[in-house]
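Beneath this line is the structure, given in structure tokens, with notes to follow.
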Amino acid sequence: MLDIKFIRNNIELVEEALKKRNAKGNLDEFLKLDKSRRELIAKSEQLKQTRNEVSQEIGRLKRDKKDITHLTKEMKELGQEIKRYDRELKEVEEKLNDILLSIPNIPNEDVPVGQSDEDNKEIRRWGEVKEFDFEAKAHWDLGEELGILDPKTAAKVTGARFTFLKGLGARLERALVNFMLDLHTTEHGYTEVFPPYMVHRRSMVGTGQLPKFEEDAFKIEGTDYYMIPTAEVPVTNMYREEIIDGDILPIKHVAYSACFRAEAGSAGRDTRGLIRQHQFNKVELVKFTRPEESYEELEKLTNNAEEVLKRLGLPYRVVVLCTGDLGFSSAKTYDIEVWMPSYNRYVEISSCSNFEDFQARRADIKYRPKKGEKAVYVHTLNGSGVAVGRTVAAIMENYQMADGSIEIPKALIPYMGGVERITK
RNA sequence: GGAGAGAUGUCCGAGCUGGUUGAAGGAGCUGGUCUUGAAAACCAGUGAUACCGCAAGGUACCGAGGGUUCGAAUCCCUCUCUCUCCGCCA
82 MLDIKFIRNN IELVEEALKK RNAKGNLDEF LKLDKSRREL IAKSEQLKQT
132 RNEVSQEIGR LKRDKKDITH LTKEMKELGQ EIKRYDRELK EVEEKLNDIL
182 LSIPNIPNED VPVGQSDEDN KEIRRWGEVK EFDFEAKAHW DLGEELGILD
232 PKTAAKVTGA RFTFLKGLGA RLERALVNFM LDLHTTEHGY TEVFPPYMVH
282 RRSMVGTGQL PKFEEDAFKI EGTDYYMIPT AEVPVTNMYR EEIIDGDILP
332 IKHVAYSACF RAEAGSAGRD TRGLIRQHQF NKVELVKFTR PEESYEELEK
382 LTNNAEEVLK RLGLPYRVVV LCTGDLGFSS AKTYDIEVWM PSYNRYVEIS
432 SCSNFEDFQA RRADIKYRPK KGEKAVYVHT LNGSGVAVGR TVAAIMENYQ
482 MADGSIEIPK ALIPYMGGVE RITK
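Sequence positions in the first sequence follow the working numbering and run 82 to 505.
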């Protein structure tokens with residue numbers, strides 16, 4: 082959410098930002114409602130002042146046993162009038178809030194302007210893309226042959242876009258979760274949290290998933306609960322409506338969680354394999370920082386996520402998303418893309434974003450720069466560190482051997498109980 | 001699931017027979033006196049909130065949302081959360 086005063090005073094700038102994002106915002110309506118809101122507040126508060134004064138006067142008169150009936154009658158009418166203004170105000174504020182919640186964040190100035198993911202800019206590459214001297218297979222074929230991926234049974238039990246991991250496949254998934262958590266907690270200084278997998282609506286609004294992207298979320302029928310699409314939601318909302326002690330910033334959390342996404346609008350895309358599932362595991366990095374430190378922290382966070390792929394020996398590149406591809410809440414995002422032989426291209430495995438104060442304002446998360454000073458919004462950041470299912474796919478494909486077996490990356494062997502290779 | 005108790009400012013904690021209560025008292029914090037320094041003691045200050053307004057100032061806020069009333073932290077209704085006991089359960 083943007084600051085209402087900021088929009089009012091920088092309407093051209095906001096318009097420009099929306100245009101760069103290919104987004105539309107009802108700014109004319111915003112200005113109208115904003116004006117009407119302030120007028121109604123002035124009116125209502127003026128009447129309330131009168132009411133407060135007269136009510137005190139009535140108290141005094143009553144104590145002196147004087148007649149007050151003419152005043153109470155008058156005040157009763159005044160009360161009705163106030164009620165009318167307040168009702169109207171509430172309506173206007175609701176409409177205004179709807180608009181406010183639907184305006185995306187303003188891209189940082191160094192974000193490249195562009196229409197789509199084709200305009201994203203590559204920042205750097207790491208690792209060598211392996212040339213296979215045999216016909217490389219996709220991970221879904223390898224997985225079925227090795228008996229470690231079983232989407233068919235999952236389809237029987239649940240439906241499309243779910244998978245049973247079996248044997249060393251399940252072990253690999255678990256090994257990766259532990260490997261990533263250990264790396265980020267012991268070497269990168271993140272504090273581990275294990276969050277609830279369901280959150281209420283207010284939390285989803287706090288991080289920006291709602292109200293705009295209702296169709297992407299799984300909602301639990303008959304409740305106010307949503308399955309989390311990422312640990313970002315519960316972990317960021319841990320500090321909702323709080324004023325954080327400035328001494329403990331930056332706060333760095335790492336959280337493993339399953340993630341649930343409806344994937345509306347991607348029917349027919351990535352239907353095979355682990356790339357696009359309704360449920361997947363992710364290790365998420367979340368930071369709360371002082372505003373002046375957030376971009377430095379974004380670089381560090383991205384590096385922390387990259388380290389996972391380096392240790393696993395998976396070739397990747399980092400791209401900065403252009404304005405047209407940027408997520409709703411983000412001011413700047415780096416995607417880390419891992420080399421996926423079956424796609425013959427790099428595929429997103431992590432998305433690291435600085436939301437600046439956009440989420441903090443929605444979720445009301447502040448800190449106090451100095452004792453006695455006014456509290457200000459923190460900056461929030463997060464990024465996958467990294468998506469586990471896609472890492473499994475990447476390992477299977479990049480580490481496959483001519484005989485259809487899969488080598489385990491060195492760093493992972495201790496987590497695999499010494500297993501060095503997955504064979505038939 | 002059943003029966004109770006509760007939610008007040010940075011914190012603890014009064015008020016809850018409706019009217020100088022934005023809210024006693026204490027702690028904390030800030031400044032001062034005293035002291036070689038510190039502690040203690042004492043004195044003074046202290047909404048670490050949001051909104052409207054150029055300002056003066058005003059309005060709101062005692063878990064949340066409604067209602068009664070000229071006037072609600074105080075009365076009524078609904079909801080949420082916390083705690084205790086019983087039952088059930090991983």
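Glycine included, C-beta positions come from ideal geometry on N, C-alpha and C.
Taking a C-beta distance under 9 Å as the contact criterion, G289 and R443 qualify as a contact pair.
The DSSP-derived three-state label of R471 is helix. The beta carbon of T267 sits closer than 7 Å to no other beta carbon from its chain once the five residues preceding and following it are set aside.
Between the segment 391-400 and the segment 340-354, the count of C-beta pairs closer than 8 Å stays below three; the two stretches do not touch. Assignment of beta-bridge partners to S432 by DSSP yields D416. In chain order, G224, I229 and L230 place their CB closer than 7 Å to the CB of G250, counting only its own chain and leaving out the 5 sequence neighbours on each side.
Nearest neighbour of K293 by Cα position, chosen from D328, A104 and P422, turns out to be A104.
Under the three-state reduction of DSSP, L395 is assigned to coil, being neither helix nor strand.
Counting the other Cβ atoms within 10 Å of the Cβ of I163 gives 16 or more, which makes it buried. Distance between R282 and G140, taken at the CA atoms: about 44 Å. V428 has its alpha-carbon roughly 13 Å from the corresponding atom of E203.
C-alpha of G106 to C-alpha of L170: approximately 22 Å in a straight line.
K451 is not a Cβ neighbour of Y458, given a cutoff of 9 Å. When the Cα atoms are used, D438 and N384 turn out to be separated by approximately 22 Å. Check the Cα spacing between S431 and each of E313, I85, R102 and I180: the tightest is with E313. With 16 or more other Cβ atoms from the protein chains shown falling within 10 Å of its own Cβ, E378 counts as buried. By the neighbour-count criterion, in which 16 or more other beta carbons inside 10 Å mark a residue as buried, P185 falls on the buried side.
T311 and Y166 have their C-alpha atoms some 41 Å from each other. Under DSSP, the beta-bridge partners assigned to R426 are M421.
The beta carbons of R449 and I324 sit about 6 Å from each other, so the pair counts as a contact at 8 Å. For L112, the number of other beta carbons within 10 angstroms of its own is below 16, and it is reported as exposed.
Ranked by Cα distance from E97, the first of D416, K505, F409 and T404 is T404. Non-local beta-carbon contacts of A256 in its own chain, meaning distances under 7 Å to residues more than five positions away in sequence, involve L493, Y496 and M497 in chain order.
For I92, same chain residues with a beta-carbon under 8 Å away, outside a window of 5 residues either side, are L108 and L112 in chain order. If only complete runs of 3 or more residues are kept, the segment 244-289 shows the beta strand (DSSP E) at 272-274 and 279-281, in order along the chain.
Distance from the CA atom of E110 to the CA atom of E172, rounded to whole angstroms, is 14 Å. Shown here, G208 sits in coil according to DSSP, grouped into three states, outside any helix or strand. Just so you know, the alpha carbons of E374 and E175 end up roughly 34 Å apart.
Leaving aside the five residues that flank K143 on each side, the residues in its chain whose CB is nearer than 8 Å to its CB run, in chain order, I149.
The continuous alpha helix (DSSP H) containing L142 extends over residues L108 to R144. Distance from the CA of I88 to the CA of K391, rounded to the nearest whole angstrom, comes to 42 Å. By the criterion of a C-beta distance shorter than 8 Å, G327 is surrounded in its chain by R371, Y448, R449, P450 and K451, once the five residues flanking it on both sides are discounted. The alpha-carbon separation between E454 and A336 amounts to approximately 32 Å. Counting every other CB atom within 10 Å of its CB across the protein chains shown gives Q161 a total below 16, marking it as exposed. Taking L264 as reference, the option from E199, V389, D406 and L181 with the minimal CA-CA separation is V389. The beta carbon of L94 lies closer than 8 Å to those of I187 in the same chain, with the five residues before and after it left out.
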